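Since the structure comes first, as structure tokens, the remarks are kept for the end.
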Amino acid sequence: MTEPTFFVLTALLDGPRHGYGIVADVADLSQGRVRLKIGSLYGALDRLVGGGLIELDREEAWQGRLRRYYRLTERGRHALDAEARRLAANARLASTRLRRQSPIEGTSG
Amino acid sequence: MSRLEERYRRVLRLLPAGYRRQWEDDMVAAFLETMQTGDAETDEYLADHGRPSLAEVTSILSLAARLRIGGPDAPPRTYAWGQGVRLAVLAGVLTQAVMATAGLGITLWLSGALSRLPEPASEWTLVPPSSSWQATLNVAGYAWLPAFLALVLGHRRVAQAVAAIAVVPQGIAVAVEQVTGPVPLTVTPWAMLLVELLLLVGMSAFHRDAAAVARRPWLLALPVGILAVPVPLFVAQATTSAFRLLDWPGLCCALVVVAMTVHLVVRASRPPGRTLPWSLALVLLATTALALRTATLPDIGGQVERTALLTVASAQVVAVLAVEVPLAVVAFRALRQLQPVSAAVEPHHTDP
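Dropping the structure here:
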């Protein structure tokens, strides 16, 4: 799972979001590190819809346009859970080895 | 519709029509929202004078490349095209790598650096680069070898970065040499540069969705290619003056004619679905060789042996067309029989 896909799924955990809502949420979640471009977002949404990980929730009119809201499916939730566990296990591995060595400067404990 | 929206929709035309039907309006709405600043005056100004940023356009370009030059999950027709483009790019990069490596080997041999090999004949001497720009051209070209290896090993971005090392200095060198050098303006270096640029851009076809390159045959193709083409060609040109009439576009034509003939014989005994990507790749390569040959014809007019060179060039054009046209006909017929689109995946609504 790519980092943008991971963040898109994470953004949808809190409830359905429309395209721009996902962009804004991902920027927030990643503290501004991941700034999704529209081409990348819809590339990811297209795959996620195709894979059944997300689906259309509803369409709402806003400023004369239709906003499509997407929501996470049960399958998407499982995929995200599996990925989060994998990343956490990797992080734990690194942290354990780091702790065995001398503490890194500038960090406490 | 604001000017900004018009501009963005124009960029979205890069995407396949089926994809646009499904996603365009949603993409436009999301894009326009990303452009809003919260200040009414600035928003009004941007609606009129704003443009999609380079990063936005690039993201659409890479999405278009992924959708149009498809991987194994794409509809059969898109996938066949995707494989055809990838094979053509690989073959093109392989040719550059083979010629660069052989060129380096021959230069080292003639300069006496490869003492284990037999001594070169005394009349075979290195022609020193005519200018520092020519030397830059020679050295930069060697970057095609690592670029080819990176592409085959699946490091597409590295391959593009390394190929850029070959292309960018050559572009500058060609421009400077053509403008300031003693030689008159010629088409050949520009045409060759354009082909290299196409290869560099074409490497984008090796995106994340594309299947991995079959490493063993492509890696093996490098030494086989060196032994089969530049080495005998060097010997032939060094010993027989008639072979010196074969220039780079001519060599491309000759190679592509041989490859297409072998392919036509092989495909007769194989199911068309399996050979189609190679048929398409060879049609693309033959069209490029033909364009290269035709575009560089004016350069021949200025040479001493122009009658002989023009005769050889005309024969090359005829030979390429004679094999390419039948191959293109059977390839496009086979392509039409494939399914153009997969069952569209609409973002459908399901009630909770």
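For the protein sequence lines, the chains are R and U, in the order given. Each residue of the first sequence is one higher than the one before, starting from 1 at the first, in full-length UniProt numbering. Each residue of the second sequence is one higher than the one before, starting from 1 at the first, in full-length UniProt numbering. Note that the Cβ used here is the ideal one computed from N, Cα and C, for glycine as well. Source: prediction; values computed, not measured.
Cutoff 8 Å: residue i Cβ touching any chain U Cβ
{"i": "R:R77", "result": "no"}
{"i": "R:Y69", "result": "no"}
{"i": "R:S95", "result": "no"}
{"i": "R:R17", "result": "no"}
{"i": "R:G32", "result": "no"}
{"i": "R:D28", "result": "no"}
{"i": "R:D25", "result": "no"}
{"i": "R:D46", "result": "yes"}
{"i": "R:L13", "result": "no"}
{"i": "R:L80", "result": "no"}
{"i": "R:L41", "result": "yes"}
{"i": "R:L9", "result": "no"}
{"i": "R:L72", "result": "no"}
{"i": "R:L53", "result": "no"}
Per DSSP, cross-strand counterpart(s) of residue i
{"i": "R:L66", "result": "R:A61"}
{"i": "R:R71", "result": "R:E55"}
Boundaries of the alpha helix (DSSP H) in which residue i is found, first to last residue
{"i": "R:D46", "result": "I38 to G50"}
{"i": "U:T261", "result": "W248 to R267"}
{"i": "R:F7", "result": "E3 to L13"}
{"i": "U:F243", "result": "No alpha helix (DSSP H) contains U:F243, which DSSP labels as neither H nor E."}
{"i": "U:Y8", "result": "R3 to L12"}
{"i": "U:T275", "result": "P272 to A295"}
{"i": "U:A163", "result": "R156 to T180"}
{"i": "U:R215", "result": "R215 to A228"}
Backbone secondary structure at residue i - three-state DSSP
{"i": "U:R77", "result": "helix"}
{"i": "R:H18", "result": "strand"}
{"i": "U:D26", "result": "helix"}
{"i": "U:E33", "result": "helix"}
{"i": "U:E44", "result": "helix"}
{"i": "U:F148", "result": "helix"}
{"i": "U:F332", "result": "helix"}
{"i": "U:L193", "result": "helix"}
{"i": "R:D25", "result": "helix"}
{"i": "U:T350", "result": "Per-residue confidence for U:T350 stands at a pLDDT of 47, beneath the threshold of 50, marking its modelled position as unreliable; the derived number appears in the next sentence. It is coil, neither helix nor strand."}
{"i": "R:D81", "result": "helix"}
{"i": "U:G71", "result": "coil"}
{"i": "U:P16", "result": "coil"}
{"i": "U:E305", "result": "coil"}
{"i": "U:D39", "result": "coil"}
{"i": "U:R208", "result": "coil"}
{"i": "R:R33", "result": "coil"}
{"i": "U:P298", "result": "helix"}
{"i": "U:L233", "result": "helix"}
{"i": "R:A88", "result": "helix"}
{"i": "U:T188", "result": "helix"}
{"i": "U:L104", "result": "helix"}
{"i": "U:P326", "result": "helix"}
{"i": "R:R100", "result": "helix"}
Neighbour-count burial assignment, residue i, 16 or more Cβ in a 10 Å radius
{"i": "R:T2", "result": "exposed"}
{"i": "U:P352", "result": "Low confidence applies to U:P352: its pLDDT is 44, below 50, so where it sits in the model is not reliable enough to give any reading."}
{"i": "U:W81", "result": "buried"}
{"i": "U:Q22", "result": "buried"}
{"i": "U:G273", "result": "exposed"}
{"i": "U:S279", "result": "buried"}
{"i": "U:M35", "result": "buried"}
{"i": "R:W62", "result": "exposed"}
{"i": "U:T45", "result": "According to the sequence as given, residue 45 of chain U is Tyr; it is not Thr. That one is exposed."}
{"i": "U:P189", "result": "buried"}
{"i": "R:L93", "result": "exposed"}
{"i": "residue 355 of chain U", "result": "Since the first residue shown for chain U is 1 and the last is 352, residue 355 of chain U is missing from the structure and cannot be characterised."}
{"i": "U:R10", "result": "exposed"}
{"i": "R:L48", "result": "buried"}
{"i": "U:Q160", "result": "buried"}
Chain R within 8 Å of residue i, Cβ atoms only
{"i": "U:M1", "result": "no"}
{"i": "U:W248", "result": "no"}
{"i": "U:S241", "result": "no"}
{"i": "U:D26", "result": "yes"}
{"i": "U:S59", "result": "yes"}
{"i": "U:E5", "result": "no"}
{"i": "U:E56", "result": "yes"}
{"i": "U:A74", "result": "no"}
{"i": "U:L63", "result": "yes"}
{"i": "U:F31", "result": "yes"}
{"i": "U:T34", "result": "yes"}
{"i": "U:R66", "result": "yes"}
{"i": "U:W23", "result": "yes"}
{"i": "U:D351", "result": "With a pLDDT of only 46 at U:D351, under the threshold of 50, the placement of this residue in the model should not be trusted, and no figure is reported."}
beta-carbon residue i near the ligand NAD non-hydrogen atom, thresh 7 Å
{"i": "U:R208", "result": "In the structure on display, the ligand NAD does not appear, and there are no ligands present to speak of."}
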